[in-house]
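Participant:
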Amino acid sequence: EDRKSFVRRYLMPLEYYANMPAAKNIILMGGLHSGKEVDNLFGLKSCHYIRTVKRFFEARGSKVTVRVGSLPDDDTVYASQSSTFVQTGGGYSKIIAKLVNMSGGTVVSPPYVD
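When we follow our numbering, the leftmost residue of the sequence shown carries the number 1, and every step to the right adds one.
1) If we count the other Cβ atoms within 10 Å of its Cβ and call it buried at 16 or more, is Val77 buried or exposed?
2) Measure the C-alpha to C-alpha separation of Lys36 and Leu44 and round it to an integer number of angstroms.
3) Looking only at DSSP bridge pairs, what is Gly30 linked to?
4) At the level of alpha carbons, what is the spacing between Ser109 and Val86?
5) Given Met12, which residues of its chain have a CB within under 7 Å of its CB, disregarding the five upstream and five downstream residues?
6) Between the alpha carbons of Ser93 and Ser62, how many angstroms are there, rounded?
7) With Thr106 as the anchor, note down where its beta strand (DSSP E) starts and where it stops.
8) Grab me the residues of Ile26's own chain with a C-beta within less than 8 Å of its C-beta, minus the 5 sequence neighbours each way, in chain order.
9) Under 8 Å, do Ser70 and Ser103 count as touching if we go by C-beta distance?
10) How many angstroms separate the CA atom of Ala22 from the CA atom of Tyr49?
11) Distance check for Thr84 and Gly105, CA to CA, integer angstroms please.
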């Protein structure tokens, strides 16, 4: 999978979030991976994306917390307890969405996610 298709699949454009009702509190979660397969430029772009999304929601009046760098198992448990979960692309987000649904929460999915 090349980087352009990765970005299109996993990162939502701001327009995706603009169509959602404003929320009082938002927690942005993500993982910054390291290793030979990930270079510094890709990590910097991820940080820029997180800052951009954070500022977008803050401008709408939301209190935004960023949760990055936690263990995937801890993030899974944490996110599965969400009252509302905004799904992005990829299998990890799909698993969390199923767990949120099972616990009675609401899942917002992009149009192309089945």
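Just so you know, even glycine gets a beta-carbon here, dropped at the ideal spot from N, CA and C.
Facilitator: So, to answer that:
1) Taking the first residue of the sequence shown as position 1, residue 77 is located at position 77. It counts as exposed.
2) In the sequence shown, the residue the question calls residue 36 occupies position 36. In the sequence shown, the residue the question calls residue 44 occupies position 44. Reliability fails at Lys36, whose pLDDT of 48 lies under 50, so the model's placement of it is uncertain and the value that follows must be treated cautiously. Each residue's alpha carbon lies about 15 Å from the other.
3) Translated into positions along the sequence shown, residue 30 becomes position 30. Val68.
4) Indexing the sequence shown from 1 puts residue 109 at position 109. Indexing the sequence shown from 1 puts residue 86 at position 86. So the two alpha carbons sit approximately 6 Å from each other.
5) Residue mapping note: residue 12 aligns to position 12 of the sequence shown, counting from 1. These residues qualify, in order along the chain: Thr88 and Pro110.
6) Your numbering for residue 93 matches position 93 in the sequence shown. Your numbering for residue 62 matches position 62 in the sequence shown. Their backbone Cα atoms lie some 22 Å apart in a straight line.
7) Residue mapping note: residue 106 aligns to position 106 of the sequence shown, counting from 1. Taken as a continuous stretch (DSSP letters only), the beta strand (DSSP E) holding Thr106 covers Thr106 to Val108.
8) Here residue 26 is taken as the residue at index 26 of the sequence shown, counted from 1. Within its own chain, the residues whose Cβ lies closer than 8 Å to the Cβ of Ile26, once the five positions on either side in sequence are excluded, are Phe57, Ser62, Lys63, Val64 and Thr65, listed in chain order.
9) For the purposes of this step, residue 70 is taken as residue 70 along the sequence shown, with counting starting at 1. For the purposes of this step, residue 103 is taken as residue 103 along the sequence shown, with counting starting at 1. No, they are not a contact pair.
10) Position 22 of the sequence shown, counted from the start, is the residue given in the question as residue 22. Position 49 of the sequence shown, counted from the start, is the residue given in the question as residue 49. Ala22 and Tyr49 have their alpha carbons spaced roughly 19 Å apart.
11) Looking up residue 105 in the sequence shown gives position 105. Looking up residue 84 in the sequence shown gives position 84. So the two alpha carbons sit approximately 6 Å from each other.
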